[in-house]
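Trainee: Supplied in structure tokens, the structure appears directly below.
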Amino acid sequence: MIDVHFVFLGAAISLIGSVLYAKDTFRGLTQPNRVTWILWTVAPMLAFASEIHQGVGLQSVMTFTIGLGPLIVLCASFANKNAVWKIGPFDIACGIASCLGLLLWLLSSNDTVALASFMTADALAGLPTIVKSWKAPETESANTYLGAFISALLTLATVTKWTSAVVAFPIQIAVFNALQISLISGRLGPRIRREPAPVRDVPVERVIAPAEGEQ
Numbered sequence: 001m002i003d004v005h006f007v008f009l010g011a012a013i014s015l016i017g018s019v020l021y022a023k024d025t026f027r028g029l030t031q032p033n034r035v036t037w038i039l040w041t042v043a044p045m046l047a048f049a050s051e052i053h054q055g056v057g058l059q060s061v062m063t064f065t066i067g068l069g070p071l072i073v074l075c076a077s078f079a080n081k082n083a084v085w086k087i088g089p090f091d092i093a094c095g096i097a098s099c100l101g102l103l104l105w106l107l108s109s110n111d112t113v114a115l116a117s118f119m120t121a122d123a124l125a126g127l128p129t130i131v132k133s134w135k136a137p138e139t140e141s142a143n144t145y146l147g148a149f150i151s152a153l154l155t156l157a158t159v160t161k162w163t164s165a166v167v168a169f170p171i172q173i174a175v176f177n178a179l180q181i182s183l184i185s186g187r188l189g190p191r192i193r194r195e196p197a198p199v200r201d202v203p204v205e206r207v208i209a210p211a212e213g214e215q
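Residue numbering for the sequence shown is 1 to 215, as defined by our numbering.
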């Protein structure tokens, strides 16, 4: 176990990853799925409020950061109209199912049911992005997922008494982000499908021929 204040280091690392992802989004290098990122903003903020109510402690800092990062990315996606992944029926279905899970979480009076509902809602929110990372990893950036993964591990390392309220969500965050890192950095989908790596557009500098008589 490490000092509980390491959660602030994890939060800083997570936010740095989100800012780098937002920068890539602003430049049009990534195309976030807004269904996922909207729900990733709302759900953790609601969970943060719930954790404060339950007296989770400083470990709740990770949950707050997990919600703040997507908000930054969302703002960047609206700044560049080309930095948005096209939403399809599957994305909408996952979004609706995730919202229903959040509604059940908010209405449930049973802590276990509430926690399971929230984690299911969060997983459903991330499912469209997992599918996108499988199909087109070049539209994603591993920065924010690496930051969130490190933050989750640091949070877990500070826990003195493991209860579902404290560790369930950080564990899910760690597993999800480890999967995303593998899909994006390892290009698992294209490799398994044996697709060639995409070539990003690179600006071509204008070449000016020297005038006659010049060397």
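Backbone N, C-alpha and C fix where the C-beta goes; we use that ideal spot for every residue, glycine too.
1) Taking its Cβ as the centre, do 16 or more other Cβ atoms sit within 10 Å of residue 106, making it buried, or is it exposed?
2) My parser needs the alpha helix (DSSP H) runs of 4 or more residues fully inside the segment 111-147; what are they?
3) Leaving out five residues before and five after residue 215 in sequence, what residues of the same chain have Cβ atoms less than 7 Å from its Cβ?
4) Determine the direct distance from the alpha carbon of residue 149 to that of residue 177, and round the result to whole angstroms.
5) Taking only the alpha-carbon atoms, compute the straight-line gap between residue 6 and residue 151 and give it to the nearest angstrom.
6) Quick one: is residue 144 buried, meaning 16 or more other Cβ sit within 10 Å of its Cβ, or exposed?
7) DSSP three-state label for residue 208, please.
8) Mind checking which residues open and close the alpha helix (DSSP H) that includes residue 2?
9) Rounded to whole angstroms, what is the Cα-Cα separation between residue 140 and residue 101?
Mentor: In terms of the structure at hand:
1) exposed
2) 111-135
3) Any reading at residue 215 needs caution, since the residue's pLDDT is 47, under 50, leaving its predicted position unreliable; the model's value is listed next. So no residue of the chain qualifies.
4) The alpha-carbon atoms of residue 177 and residue 149 are separated by roughly 5 Å.
5) 9 Å
6) So residue 144 ends up on the buried side.
7) Low confidence applies here, because residue 208 scores a pLDDT of 44, under 50, leaving its location unreliable; read the following figure in that light. Of the three classes helix, strand and coil, the one that applies to residue 208 here is coil, per DSSP.
8) No alpha helix (DSSP H) contains residue 2, which DSSP labels as neither H nor E.
9) 26 Å
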